Every structure is written in structure tokens, then in C-alpha cells.
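Engineer:
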Amino acid sequence: MSGLGHTPDLLRPDVALDGFNTLRLPARAAWFARVEDVDGLRAVLDDPRVAGLPRFVLGGGSNLVLNGDFPGLVLQVAFHGRSKIFEDEEAHYVKAGGGENWHDFVRWTLEQGWGGLENLSLVPGTVGAAPVQNIGAYGLEMAEFFYSLRAYDLETGKTVGFDKADCHFGYRDSFFKQGGAGRYLIAGVTFRLPKRWVPRTGYADVARALAEAGIAQPTPLQISDAVIQVRQAKLPDPAVLPNAGSFFKNPVVSAEHHARLLADYPAMPSYPQPDGQVKLAAGWLIEQAGWKGRVLGPVGCYARQALVVVNHGGASGAHVAALRAAVCAEVLNTFGVELEQEPVTLGMLSPLS
Ligand code: EPU
């Protein structure tokens with residue numbers, strides 16, 4: 008086994024993934040490797056013990072549903088480093104390794120005086136996972152300040168660059184969830200943070216937190232603090248109550264469908280889209296369907312934000328799948344709206360989406 012000599016510590020057989028997913032679902036990976044650079048990654052992939060096996064790229068595990076054991080190789084991205092690589096008259100260009108913690112990276116940019124990412128404070132997960140689902144919160148999507156990324160192509164073994172257009176960013180969506188799903192390991196991401204900073208305080212909860220603190224003209228760090236306060240009040244801390252953030256995407260319906268629903272539910276929150284369709288609040292739909300704070304076995308919809316599925320202890324992927332089916336059926340039955348799961352599923356049982 009020639010590969011053994013190159014990867015004495017990296018490749019581990021039969022590893023429990025419980026601690027690597029924030030929903031804390033139990034599952035085992037046939038093989039697991041924590042990779043810190045491209046050389047380490049290449050050595051692992053060349054190892055004959057994992058030749059031909061399926062591979063899965065793991066970030067912080069905060070947007071992941073484990074649905075049974077994985078008979079392949081899990082690659083945990085631990086590419087580190089963060090630096091300003093360039094500056095022009097208009098912007099700072101800041102780069103971070105795919106394995107950097109997202110929130111720590113955001114706070115670091117703010118401490119350097121480079122505003123922009125503050126509304127995305129406290130989003131769990133890694134820098135490398137952020138572009139995959141185009142993380143968004145409080146009126147900002149990551150795509151807005153994204154500049155480029157470098158990814159390792161697991162099919163060709165080459166490192167490739169992607170600019171913004173290549174990534175096809177959409178609402179909680181990108182090329183890396185579509186045509187490129189499962190193929191790339193995101194090694195590093197570069198952000199373009201404009202020097203002319205514009206505060207984004209339109210989101211009601213954030214505006215309220217700032218007003219309560221008596222701050223009329225907030226700095227980026229003060230907005231970050233307000234966002235942290237709002238998130239901590241509404242969203243469960245995965246370290247305390249395991250969860251994977253929003254479990255469903257906010258669904259988009261036709262203007263006609265929206266008009267019919269509004270006639271029956273005048274208080275329904277809705278967000279008109281540029282293409283004439285209307286985005287609905289999945290959390291509101293789930294609450295109206297009676298699922299807020301309700302449990303099914305060891306899992307349930309969080310009492311303060313129905314869109315978040317929580318594990319009260321001892322849940323498996325099958326429990327999550329059962330809750331998902333029950334909630335989807337109820338929302339479909341009540342509103343004629345189909346919900347789509349937001350986190351990625353990994354496992355060999357029947358796929359969840
Ligand atoms: N709502 C309810 N009941 C609930 C939850 C929400 O009535 O149980 C209503 C709220 O009152 C509000 C509307 O639904 O009128 C929207 O709720 P909220 O502002 O909490 O945001 P969201 O649409 O539920 C999205 C993101 C979150 C992000 C927040 C804030 C998605 C799938 N989720 O949630 O992102 O933090 O906006 O910007 O788009 C995540 O992706 O993991 C995530 C947490």
C-alpha cells in the first residue's frame with residue numbers, strides 16, 4: 008500500500024460523525040480525513056484504500072442532515088489563513104481559507120476596519136461553505152461581497168478559479184449546489200469589501216436593537232453586535248440545542264397563488280420578487296400549520312422560530328425525515344405550497360430532497 012507512507016495520520020477508518028454535524032445526528036463514515044492543504048488532500052485522494060469510493064466535503068457541518076452511515080470518504084476542510092491580498096481606490100480584497108470559521112472571519116474583517124459582512128455575523132459554519140449556499144441574513148447575501156474562490160476539482164485533481172459569474176449565485180443556491188454539487192472542495196474565498204461603506208439597517212429586528220441601544224449612526228461593529236443580539240434572541244445555539252439553522256427555504260409562489268392566499272390570510276408576510284413572483288415566509292406557514300414548538304419523537308420545530316428544526320436529544324436521520332414529511336404535508340395541505348429542504352443531506356437511506 009504505497010499511499011500509507013504519505014498519509015499516516017490523515018486517513019482514519021470508521022469515524023463517528025456525531026460531533027461533526029450541528030444537528031448532532033449519529034452516523035459513521037467509512038473513511039475520514041481532515042485536510043489542511045492541497046498536498047495533504049492529494050495524498051489522501053491517492054491512497055489506494057479510498058480509491059473509487061464516494062467522497063463528501065465537510066465544512067462546519069452546520070447545514071447538514073446525516074441520514075445513515077456514509078460508505079465513502081469524508082473530507083473535512085481545514086484550510087486556514089486570512090489576509091488582505093490587495094487594495095485599490097475602491098475596495099479591500101480579503102481572502103480566507105475555506106476552513107476558517109465564518110463568524111471569526113467576519114469579526115476579524117470588522118476589527119481591521121473593513122465593513123461589509125457585519126449583517127452575516129454569527130452565521131454558523133465555515134468560509135468555504137458560505138458560497139455553496141450563498142448564506143444570507145438581515146438583508147444581505149454573501150454574493151454581494153464575493154469576489155472569487157479557488158476550489159480543488161475532485162474529478163480532475165486540478166485547482167480551479169471561479170469568479171462571481173461562474174458561481175451562479177441565487178437565493179441559498181449556487182453552482183456548487185447544482186451542476187457542480189459534490190465535485191469541488193473550496194480551498195479559499197476572496198471578498199471585495201468596498202471602502203464606501205453603506206450601513207444596512209432596514210431589517211426591523213436589527214433596527215429595533217440599534218434604537219434600543221440609542222445608536223443612530225452605527226459603525227459596522229455596532230451593527231454586528233446588534234445582529235448577534237437578534238440572532239441569539241431568536242435562533243437556538245447549536246451548542247445548547249442542536250439544529251442546522253433554517254430547515255426549509257422560503258418558498259416562492261406565483262402572483263396569482265399569492266393573491267389567493269392573501270384573500271384568506273391577510274396578515275401573511277410576503278416579499279415580492281423582481282420577476283413578479285412572491286416569496287413567502289416558511290416559518291410563518293409552518294407556525295400557521297400548527298407546528299411551531301411541536302415535536303415528533305425527539306425532534307421538533309423550534310418554539311421561537313418554527314423554521315428551525317431542533318434535536319431535543321437522541322434523534323436519528325429517520326426522525327428528521329419523518330418530521331420533514333409531516334411538516335411538508337401539513338403546509339401543502341393548508342396552503343398548497345411545497346417546502347424544500349435547505350440543508351444538504353448525506354447518507355445512504357432514501358434521499359430527503
Ligand atoms: N415567522 C412566523 N413564525 C415563525 C417564524 C417566522 O410568523 O415561527 C414570520 C416572522 O414574523 C416574519 C417572517 O416569518 O414575519 C420571516 O421570519 P424571519 O425574519 O425570522 O426570517 P426567516 O425568513 O424565517 C430568513 C433566513 C434566516 C435568516 C433570517 C433573517 C431563510 C431560509 N432563512 O429566515 O437564515 O437568519 O431570514 O434574515 O431564508 C439560515 O439560513 O439558516 C437562517 C437562519
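Note that the working numbering has the sequence shown beginning at 8, numbered continuously upward. Built from N, CA and C at the ideal position, the CB exists for glycine as well. None of the values given here were measured: they were computed from a predicted structure.
1. Does the beta-carbon of F93 have 16 or more other beta-carbons within 10 angstroms, so that it is buried, or is it exposed?
2. Would DSSP call D46 helix, strand or coil?
3. Out of curiosity, what's the CA-to-CA distance linking L192 and A274?
4. Can you look up H175 in the DSSP assignment and give me helix, strand or coil?
5. Measuring CA to CA, which of L117, R311, N340 and H99 is closest to V237?
6. Have a look at C335, G321, G320 and P281 and flag the residue whose alpha-carbon is nearest the alpha-carbon of A313.
7. Taking the beta carbon of Q119 as the centre, do at least 16 other beta carbons fall within 10 Å, making it buried, or is it exposed?
8. As a quick exercise: from Q140, E43, K102 and K202, pick the residue whose alpha carbon is nearest that of F255.
9. Would the region 139-155 count as touching the region 163-183 if we require 3 or more Cβ pairs under 8 Å?
10. Mind checking whether L346 and P258 have CB atoms under 8 Å apart?
11. Quick check: the Cα distance between F182 and G67, rounded to an integer number of angstroms?
12. Hey, would you say L32 sits closer than 8 Å to G324, going by beta carbons?
13. Could you tell me the distance, in whole angstroms, from the CA atom of L52 to the CA atom of R19?
14. Is any heavy atom of the ligand EPU found at a distance shorter than 7 Å from the C-beta of Q361?
15. Go through its chain and collect everything with a Cβ distance to Q284's Cβ below 7 Å, but skip five positions before and after it.
16. Pull up the DSSP beta-bridge partners for L52, would you.
Structural biologist: Let's see:
1. For the purposes of this step, residue 93 is identified with residue 86 of the sequence shown, where counting begins at 1. The residue is exposed, with fewer than 16 neighbouring Cβ atoms inside 10 Å.
2. Mapped onto the sequence shown, residue 46 falls at position 39. In this structure, D46 counts as helix in the three-state DSSP scheme.
3. Here residue 192 corresponds to residue number 185 of the sequence shown, with the count starting at 1. Here residue 274 corresponds to residue number 267 of the sequence shown, with the count starting at 1. Spanning the two alpha carbons is a distance of roughly 43 Å.
4. Numbered from 1 along the sequence shown, position 168 holds the residue referred to as residue 175. Three-state DSSP puts H175 in coil, outside helix and strand.
5. In the sequence shown, residue 237 corresponds to position 230, counting from 1. Cα-wise, what sits closest to V237 is R311.
6. Along the sequence shown, read from residue 1 onward, the residue named residue 313 stands at position 306. If we check each option's Cα against that of A313, C335 comes out closest.
7. As a first step, residue 119 is located in the sequence shown; it is residue number 112 there, counting from the start. That one is exposed.
8. For the purposes of this step, residue 255 is taken as residue 248 along the sequence shown, with counting starting at 1. When only C-alpha atoms are compared, the closest one is Q140.
9. yes
10. As a first step, residue 346 must be located in the sequence shown, where it is residue number 339. As a first step, residue 258 must be located in the sequence shown, where it is residue number 251. Against a cut-off of 8 Å, the Cβ pair of P258 and L346 comes out as a contact.
11. Translated into the one-based positions of the sequence shown, residue 182 becomes position 175. Translated into the one-based positions of the sequence shown, residue 67 becomes position 60. C-alpha separation (whole angstroms): 20 Å.
12. As a first step, residue 32 is located in the sequence shown; it is residue number 25 there, counting from the start. As a first step, residue 324 is located in the sequence shown; it is residue number 317 there, counting from the start. It is a contact, given that the beta carbons lie within the stated cut-off.
13. Position 45 of the sequence shown, counting from 1, holds the residue named residue 52. Position 12 of the sequence shown, counting from 1, holds the residue named residue 19. Cα-Cα distance, rounded: 13 Å.
14. Since the first and last residues shown for the chain are 8 and 360, residue 361 lies out of range.
15. In the sequence shown, counting from the first residue as 1, residue 284 sits at position 277. Here the set comprises V259, V260, S261 and A262.
16. Along the sequence shown, read from residue 1 onward, the residue named residue 52 stands at position 45. Paired residue(s): none; L52 is not in a bridge.
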